[in-house]
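Asks: According to numbering that gives the first Met the number 0, the sequence shown is numbered sequentially starting from 0. My questions will all concern the structure given below.
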Amino acid sequence: MAAFLPVLKVALPYITQIVSAAVPMFTTKPPGGKLEEVVPQQIRELQAAVSHNAEAVKGLALQLKETIEGVDKAAAQLQQQIMFLRRLAVGAVVVAMVAIGVAVWALSGQ
């Protein structure tokens with residue numbers, strides 16, 4: 000679940016742009032005007048809003064892809080660090096066991 004936080008942080012600035020583009024300000028019917036004149040203008044505005052939304056979604060998808068690739072890369076690096084630390088811990092345990100053995104041998108020899 001924590002992996003979604005960076006994705007959400009990257010996506011939030013784009014969500015407001017998408018929402019503002021998704022709610023187009025349609026041309027309203029002028030007083031005394033004909034509805035037939037307004038409908039084509041509204042259709043053009045809606046088409047422009049859809050085109051803008053498509054571009055925004057493509058940009059958001061690209062950002063999401065880059066973020067996921069970054070998260071995957073960071074996960075691989077963390078996995079390598081964990082393996083290194085495990086090996087270091089095993090080495091420390093081995094050295095400690097040898098030190099205990101030497102201390103017991105030194106104390107029992109006297």
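The C-beta atom is built at its ideal place from N, Cα and C for all residues, glycine as well.
1. What beta strand (DSSP E) runs, 3 residues minimum, are completely inside the region 46-100?
2. List the whole-angstrom C-beta distance separating Y13 from G58, where the pair is believed to meet the contact cut-off of C-beta under 8 Å.
3. What's the gap between the Cα of Q76 and the Cα of M82?
4. Whole-angstrom Cβ separation of Q62 and V9, contact assumed at under 8 Å?
Replies: According to the structure shown:
1. none
2. 7 Å
3. 10 Å
4. 5 Å
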